[in-house]
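Numbering (the working numbering), first residue to last: -3 to 174.
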Ligand code: 5GP
Ligand code: MG
């Protein structure tokens, strides 16, 4: 298979754009069935979810609102316990039904921290919608409410996800090649 170099690593296509878009459409349908009556607030977690959020929200035909928050670990490439959340919310979430849009749930640390920060704002509910979920790596007692793809324990880039800052622009999802 064709190889792609991002920084110093070699990658190959893992899930192609058309498969992603088809699954995203299905996910939008699942969400519509359960959430449409709530006028939910979608909170896209930047940076990784920007492409997923855009494609998903284009498939949402019910009344909703969209906000962006930024969550990043303080150091390095591995997940640390220190999560830095920049809300930049211009709206009151009290009593609202919130759906977090994430690129990937790996150990679950980020989403658990994010959820507990958001709970302080007294929303009616908080659901988690993630494009990718690596159950093998999960250490937290949490399960996404909506999952695009359950994947193996592989490092992936593309479709919004980066490897040391690069690769977010790629239209397909790639995994590290052996
Ligand atoms: P968690 O806190 O669930 O361990 O990690 C979530 C974050 O780790 C994601 O939002 C993402 O930034 C990063 N991450 C985890 N696995 C991958 C991966 O396979 N590829 C990329 N690019 N980032 C990952
Ligand atoms: Mg992320």
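A virtual CB, placed ideally from N, CA and C, is assigned to each residue, including glycine. None of the values given here were measured: they were computed from a predicted structure.
Self-check item: Extent of the continuous beta strand (DSSP E) to which residue 40 belongs
Solution: That run of the beta strand (DSSP E) goes 37 to 42.
Quiz prompt | residue 88 to residue 64 span [Cα, whole Å] | solution = Taking the CA atoms as reference points, residue 88 sits about 13 Å from residue 64.
Quiz item: Count the other CB atoms within 10 Å of the CB of residue 153; is the residue buried (16 or more) or exposed (fewer)?
Solution: With 16 or more other Cβ atoms inside 10 Å of its own Cβ, residue 153 counts as buried.
Quiz item: What are the boundary residues of the beta strand (DSSP E) that includes residue 99?
Solution: Element bounds for residue 99: 93 to 101.
Quiz item: According to DSSP, what are the bridge partners of residue 126?
Solution: Residue 126 pairs with 98, 143.
Quiz prompt | Coarse secondary structure for residue 45, derived from DSSP in three states | solution = Residue state, collapsed to three classes: coil.
Quiz item: By Cβ distance below 7 Å, which residues in the same chain neighbour residue 169 in space, the five residues on each side in sequence not counted?
Solution: 10, 11, 16, 152, 154, 155, listed in sequence order.
Quiz item: Apart from the five residues on each side of it in sequence, which residues of its chain come closer than 8 Å, Cβ to Cβ, to residue 115?
Solution: 122.
Quiz item: Which residues mark the beginning and the end of the beta strand (DSSP E) in which residue 8 is found?
Solution: Run containing residue 8: 5 to 11, per the beta strand (DSSP E) assignment.
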